[in-house]
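Numbering (the working numbering), first residue to last: 190 to 316.
Every residue, glycine too, gets a C-beta built ideally from N, C-alpha and C.
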């Protein structure tokens with residue numbers, strides 16, 4: 190049987206163990222994006238009410254910007270949902286070495302699509 194740890198050594202390890210437990214609570218699986226349909230065809234939103242333009246998320250010093258195009262789209266979905274929108278019409282989506290960017294318009298449609306995927310994603314899924 191191993192010898193018990195001296196009390197002073199246990200007291201030195203206690204703050205590290207508490208810090209580990211506290212930080213473990215900060216880890217999350219992530220929040221799913223709101224059910225906002227992303228469309229690239231203006232005809233998809235002609236019967237909808239325009240709410241406001243939606244652009245890149247506001248830069249916050251010390252905060253990490255979204256990485257990857259899907260994370261960027263999720264950020265735009267969240268901004269659209271916060272405005273009360275059901276659809277996001279993207280006018281110039283792009284992704285590359287410089288990062289992801291897009292400018293769009295938030296719309297509120299009476300019958301929101303039950304599938305929050307973009308129309309482009311639906312075309313690729315059926316191909």
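- In this structure, residue 277 keeps its C-beta atom at 8 Å or more from the C-beta atom of residue 267.
- Boundaries of the alpha helix (DSSP H) around residue 266: 258-271.
- By the CB criterion at 8 Å, residue 225 and residue 273 fall outside the cutoff.
- Taking 8 Å as the cut-off, the Cβ atoms of residue 296 and residue 240 count as close.
- DSSP places residue 279 in the uninterrupted beta strand (DSSP E) bounded by 276-279.
- DSSP lists 277 as the beta-bridge partner residues of residue 227.
- Counting along the chain, residue 243 sits inside the beta strand (DSSP E) bounded by residues 238-243.
- Judged by DSSP secondary structure, residue 297 falls within the beta strand (DSSP E) whose first and last residues are 293-297.
- By the Cβ neighbour-count rule, residue 271 is exposed, with fewer than 16 other Cβ atoms within 10 Å of its own.
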